[in-house]
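Please read the structure below before turning to the comments.
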Ligand SMILES: [Ca+2]
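Numbering (the working numbering), first residue to last: 12 to 414.
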């Protein structure tokens, strides 16, 4: 089944979100209604009951899968949720905040890091962090194993261009660390070491990406004249209070889904530059913490994989495992497209499905083996269909770069 989630718009156009009914459709209602109708159609066509129902989606699709089983646990027998944009009201506001951190609208912010230096940062991160897993293969197995030395990027008397100033190093430090607000309130995790190849999406412009600002303008109804320069903690508090469209998928009590025999697989790339990987860790942790007191362990029905080197939903700079799901994966030699986006990032042969092996190379890490788990934020999160816009922005950029 497929759904437009209740609205039709062009990339970058979030004006539809001022309609509250459209917001509700987008948040969860169109998804569920489509599932109900689809099951009726399938049952009617085949004249027999449906035996199993499965769902696969990434980014906003991941959010939709999680939201569905939170609200309607009977909908699916199995869900594959990739890089879920589940923490909508924090993800979108983090997007604005992150863009503001590196904003340089009139060229006077000397602390801003120009996109031309992203490859310089990427190379230094790779140089320092790739070997920490014991194999120099271009893949950073666990960014948390890398004690990154920022000053290796500091400009010196002999290196004045491919380097960062002290102020820019401070900005870089902020990018690589969690977003915390007043009274050290945790808002959203950080971009990982190794995610730099996708930074152009959220950090590469003169100001925050429209993926963030349109949330404030149209989802939170601040209006089209609202500027990211007005962004502060009150915006996040407003997003928490309203959660437009009830989109945030933060009901961590998945026990009804578990009780009906549901299975959930979640994955998130450790080189994701669009949705901080730690937000998936946060979700997994909080489901675990919510269900443990009920005597429910996760391993036999909920598995979560961190995928070293994988970017947002698909793609890899260094041919790490880069793709989940899709019928084309087992075919040769066809390019593999993500279920939700026509972006093919690498030109190398991607016929190998993600590997689940115990060797260090290209290892898929169950979260219990990751130091990411040492970071338990305070508050629950949630996210959305702005990811479709994220992917279009990504595609548009790549097309532009290819020209
Ligand atoms: Ca490595």
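Beta carbons: idealized from backbone N, C-alpha and C, even for Gly.
According to DSSP, residue pairing for residue 274 in a beta bridge involves 89. Put simply, the region 191 to 203 does not touch the region 72 to 80. Fewer than three CB pairs are less than 8 Å apart.
Relative to the non-hydrogen atoms of ligand 1, the Cβ of residue 141 comes within a distance shorter than 7 Å of at least one. Within the region 105 to 162, complete alpha helix (DSSP H) segments of at least 4 residues are found at 129 to 140, given in chain order. DSSP lists 192 as the bridge partner or partners of residue 196. Residue 102 and residue 214 do not touch by the CB rule: their CB atoms are close to 15 Å apart, not below 8 Å. Here DSSP, grouped into helix, strand and coil, assigns residue 202 to coil. Note: residue 318 is bridge-paired with 280 in the DSSP secondary-structure output. Three or more beta-carbon pairs drawn from the region 123 to 138 and the region 166 to 176 are found closer than 8 Å, and the two stretches are therefore classed as touching. By the neighbour-count definition (other C-beta atoms within 10 Å, threshold 16), residue 226 is a buried residue. In this structure, the CA atom of residue 55 is about 10 Å from the CA atom of residue 49.
When DSSP states are grouped into helix, strand and coil, residue 66 belongs to the strand group. Between residue 42 and residue 71 the beta-carbon gap is near 10 Å, outside 8 Å, which marks them as no contact. The C-alpha of residue 107 is placed about 7 Å away from the C-alpha of residue 220.
For residue 47, the CB stays at least 7 Å from every heavy atom of ligand 1.
Inside the region 203 to 251, DSSP marks whole alpha helix (DSSP H) runs of 4 or more residues at positions 210 to 214, 221 to 225, from first to last along the chain. By the CB criterion at 8 Å, residue 323 and residue 284 fall inside the cutoff.
Of the residues assessed, residue 63 falls on the exposed side of the cut-off, its CB having fewer than 16 other CB atoms within 10 angstroms. Residue state for residue 313 is assigned as strand, using DSSP reduced to three classes. Bridge pairing for residue 175: 165 [DSSP]. Inter-segment contact for the region 301 to 310 and the region 227 to 239 is absent: fewer than three beta-carbon pairs are separated by less than 8 Å. For residue 160 and residue 115, the gap between their C-alpha atoms comes out near 25 Å. In terms of side-chain proximity, the C-beta atom of residue 167 is found no nearer than 7 Å to any non-hydrogen atom of ligand 1.
Taking a cut-off of 8 Å on C-beta distances, the region 240 to 254 touches the region 91 to 102, as three or more cross pairs fall below it. Ligand 1 approaches residue 146 closely enough that one of its heavy atoms is under 7 Å from the residue's Cβ. For residue 262 and residue 119, the gap between their C-alpha atoms comes out near 43 Å.
A Cβ-Cβ separation of about 6 Å places residue 154 in contact with residue 205 under the 8 Å criterion. The three-state reading of DSSP puts residue 326 in coil, since its state is none of H, G, I, E or B. The beta carbons of residue 281 and residue 318 sit closer together than 8 Å. Taking C-alpha positions only, residue 310 is separated from residue 66 by approximately 19 Å. Rounded to whole angstroms, the gap between the alpha carbons of residue 85 and residue 69 is 20 Å. Cα atoms of residue 127 and residue 305: separation of roughly 51 Å, rounded to the nearest angstrom. Excluding residues up to 5 positions away in sequence, 197, 198 lie with their Cβ nearer than 7 Å to the Cβ of residue 191 in the same chain. Apart from the 5 residues on each side of it in sequence, residue 202 sits with its Cβ closer than 7 Å to the Cβ of 186, 187, 284, 287 in its chain, given in chain order.
Residue 258 and residue 38 do touch by the CB rule: their CB atoms are close to 4 Å apart, below 8 Å.
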